[in-house]
Amino acid sequence: MKSIRSVICFCLFLFVFNQLLFADKTIENDSLYTSEYISRIYMAEPERALSLLDGAESKKTIPLRIIYELRSRVYRNMYMTKLAFLYAKKSYLLDSVSQKDTKHLLTMTVDLAELAVLMSDHKESMRYALDGIKLAQKEKDKGAESKLLFCIGENKWQLSFKEEAYDYFDKAIKLLQGTSSKLEMAMLSYFYGMKMDYLLNDSRSKEALEVGLKREKLLKDIAKLPEKTKGFLDLQYTYLYAKMSYICYLEGKYDQAEKYYQQYLSTENSQTPDGKTYAIPYLLVSKQYQKVVDQCQDFKKLMQEQDTVNLQYISILQKEVKAYKGLKDFEKVAALRESIISIIDGINSKDKQNAALELNAIHKADEQEEYIAEQTLQLRIRNISLAFLGCVTCLILFVLWRIWRHTIIVKYKNKMLAKFINEKLAGKVENKQLFIDGDAEDPIAVPLDLEPETGFSEKDDLSPDEVVESREEEDENKKIFKELNRIVVQDQLYLSPELSREDLAQIVHLNNARFARMIKENTGTNFNGYINELRINYAIQLLKQHPNYTIRAIADEAGFNSTPILYSMFKKKTGMTPYEFKKAQESLG
1 MKSIRSVICF CLFLFVFNQL LFADKTIEND SLYTSEYISR IYMAEPERAL
51 SLLDGAESKK TIPLRIIYEL RSRVYRNMYM TKLAFLYAKK SYLLDSVSQK
101 DTKHLLTMTV DLAELAVLMS DHKESMRYAL DGIKLAQKEK DKGAESKLLF
151 CIGENKWQLS FKEEAYDYFD KAIKLLQGTS SKLEMAMLSY FYGMKMDYLL
201 NDSRSKEALE VGLKREKLLK DIAKLPEKTK GFLDLQYTYL YAKMSYICYL
251 EGKYDQAEKY YQQYLSTENS QTPDGKTYAI PYLLVSKQYQ KVVDQCQDFK
301 KLMQEQDTVN LQYISILQKE VKAYKGLKDF EKVAALRESI ISIIDGINSK
351 DKQNAALELN AIHKADEQEE YIAEQTLQLR IRNISLAFLG CVTCLILFVL
401 WRIWRHTIIV KYKNKMLAKF INEKLAGKVE NKQLFIDGDA EDPIAVPLDL
451 EPETGFSEKD DLSPDEVVES REEEDENKKI FKELNRIVVQ DQLYLSPELS
501 REDLAQIVHL NNARFARMIK ENTGTNFNGY INELRINYAI QLLKQHPNYT
551 IRAIADEAGF NSTPILYSMF KKKTGMTPYE FKKAQESLG
């Protein structure tokens, strides 16, 4: 009996133990499908991260917008930029629709702007960057705003707008200067480093040196922070000292360059295979070729142990080529160049394969999205298509009617104006009779203004004697103007673009003040108005007599300095442009 009880208890124990073990495995398995876990592994294990994201999507353990974001980061890490952009945009669109998490929307906007730069889609990158800056300012996120400003600078630099690019780099840097946040200070250090690279690329080593000194001061400030920054600082100093040694050598500061090189050697990261390569530019420029060869070896071994080689490996081989050329070892140079060609061919083949895989993945993703979108779209189309088409049709008809109505009104107006102008100038068809009438009491320019000018009369404030004197002057002015107008019109003085008020004042022997008063009394305008009216009348006659003349030719013939001036004055006086007058004249037959 006791043995039976023992067996039963043992079976119960096994059952409970198995249930607990299964529960632990379930919890452990579910813990794999979290954004925190996938974020930790995606750089080292991208394929596994993608598999976990597929599982998380089916289990719905992570919001879809976060799944798309993580997929984008995985593909970006795998240098599959198009897929990275595709999933970043999907996450961005979900955020845009929901409007629940503006910070995540801003994060995706920054990612899209940066990915578009990598794809050389500068227009798209600029669009996302400008939209993102507005959102970052609204959210008061200086880090995101500075990233987007720097991104705009990179777009400008790649498009060869170098000075504008550096302005945006400086705006991004200025935004973060004075910050006490470790993250923002690290970002500022990155911006300083990138600006140094761009300046060196543009052969502006002096400015790069100034930026480097600012970065060195920044790193000293970071070292004072209470957070642990030893590993970060060591890596940053490795970058900085290697670059500063190179820049100082370019600037002819050889002792300072060697000092920075020794500081570089004192960092822990400078002894790693990757870190040893940072000082190669300095060693090359200072002609320490054997050291270049030595510094390359560890990194080459590290790369050869991996499954694939990349452009960074080719860069090291190219530096070795320069070193061996300096050492006059041309056999090594030839061998390395053959290796480089072989590796490039392999990389090109791999790139083609990756591009095909990327396009295939994009195609599958698009197919799935298209299927879902198609079902939704068909339901919506049934309800809104007819209404939309009806609205569009009505709008088009309304716009066409408005255009037709406006055209008819303008044509009619121009036709009436042309007819009015022809009537005003009737009987004055000869060149020298166009503006004067020998039998008329006042042979002045024919005014084309439809409304007379009105003004305040100063005679109201004059004494009787002064009024008599003023009238005598007006009568005299009238006679002088009649003779002056005859000379100006008959000799066609108004056709000279160089004609000035002083020229006409000398003809009638009047001072400038009296001359201006005479013109005002007899024409109702000033000297320029009087001459321009004569020119416009002449231009009208030319347009009627020579319809094939260009407007530029008319302007030159009529004494205007430029075609725009003719257009402006003609429009002001007649209510239409010279071209419209020509068309109206043609319609009158």
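The letter at position 434 of the sequence shown is residue 434 when you use full-length UniProt numbering, and the numbering goes up by one with no holes.
Where is the CB? At the ideal position from N, CA and C, for every residue including glycine.
| Item | Value |
| --- | --- |
| Beta-carbon spacing of L52, Y33 below 8 Å | yes |
| D197 versus E251: straight-line alpha-carbon distance, rounded | 15 Å |
| Proximity below 8 Å, CB of A186 to CB of F232 | yes |
| L64 to K140 span [Cα, whole Å] | 26 Å |
| 4-residue-minimum alpha helix (DSSP H) runs that sit fully inside the region 247-331, ordered along the chain | 254-265, 280-285, 289-305, 311-326 |
| L94, buried or exposed, once every other Cβ within 10 Å from all chains shown has been counted against 16 | buried |
| Three-state class that DSSP yields for S125 in the structure shown | helix |
| Boundaries (first-last residue) of the alpha helix (DSSP H) holding M119 | Where M119 is concerned, there is no enclosing alpha helix (DSSP H), given that its DSSP letter is neither H nor E. |
| Whole-number beta carbon distance between I536 and F581, since they are thought to touch under 8 Å | Wrong, their Cβ atoms sit about 10 Å apart, outside the cutoff. |
| Residue span of the alpha helix (DSSP H) that contains Q158, given as start and end | 142-158 |
| Simplified DSSP state of L176, which is helix, strand or coil | helix |
| S562 - DSSP class collapsed to helix/strand/coil | coil |
| Three-way DSSP call (helix, strand, coil) for M185 in this model | helix |
| Outcome for M78 when other beta-carbon atoms lying within 10 angstroms are tallied against a minimum of 16 | buried |
| Run of the alpha helix (DSSP H) containing E36, from where it starts to where it stops | 35-41 |
| Own chain residues within Cβ distance below 8 Å of V293, not counting five before or after | E320, A323, Y324, L327 |
| Any non-hydrogen atom of the ligand MG within 7 Å of E476 CB | Among the ligands in the structure shown, none appear at all, so the ligand MG cannot be discussed. |
| Own chain partners of residue 614 with C-beta closer than 6 Å, once the 5 adjacent residues on each side are dropped | This structure cannot speak to residue 614, because the chain is shown only from 1 to 589. |
| Sequence-distant residues of the same chain with beta carbon closer than 6 Å to E430, five excluded per side | Bear in mind that the predicted position of E430 carries a pLDDT of just 46, short of 50, making it too unreliable to give a figure here. |
| Close Cβ partners of M108 (< 7 Å) along its chain, the five nearest in sequence each way excluded | E69, A88, S91, Y92, D95 |
| Separation of G212 from S181, as counted between CA atoms | 21 Å |
| C-beta atoms of L219 and Q236 nearer than 8 Å | yes |
| Boundaries (first-last residue) of the alpha helix (DSSP H) holding D202 | From DSSP, D202 is part of no alpha helix (DSSP H); its letter is neither H nor E. |
| Straight-line gap, Q585 to K138 (C-alpha atoms, nearest Å) | 59 Å |
| Cβ neighbour criterion (16 or more within 10 Å) applied to G455 | At G455, the pLDDT of 43 sits below 50, so the modelled position is not reliable; the number obtained from the coordinates is stated separately. Exposed, since its Cβ has fewer than 16 Cβ neighbours within 10 Å. |
| Cβ-based neighbour list, Q263, same chain, cut-off 7 Å, excluding 5 preceding and 5 following | Y241 |
| Stretch pair the region 483-498 + the region 524-536: three plus CB contacts closer than 8 Å | yes |
| Alpha-carbon spacing of Q318 relative to R337, whole angstroms | 8 Å |
| Cβ-Cβ separation, S245 to Y282 (assumed contact under 8 Å), whole Å | 4 Å |
| Closest by C-alpha distance to I62, when choosing among Q177, S31, Y42, R40 | S31 |
| S91, DSSP secondary structure in three states | helix |
| Reduced DSSP category for Q99 - H, G, I as helix; E, B as strand; rest coil | coil |
| F330 versus Y249: straight-line alpha-carbon distance, rounded | 27 Å |
| Span of the alpha helix (DSSP H) around S587 | 578-588 |
| The region 512-519 / the region 469-482 touching (three or more Cβ pairs under 8 Å) | yes |
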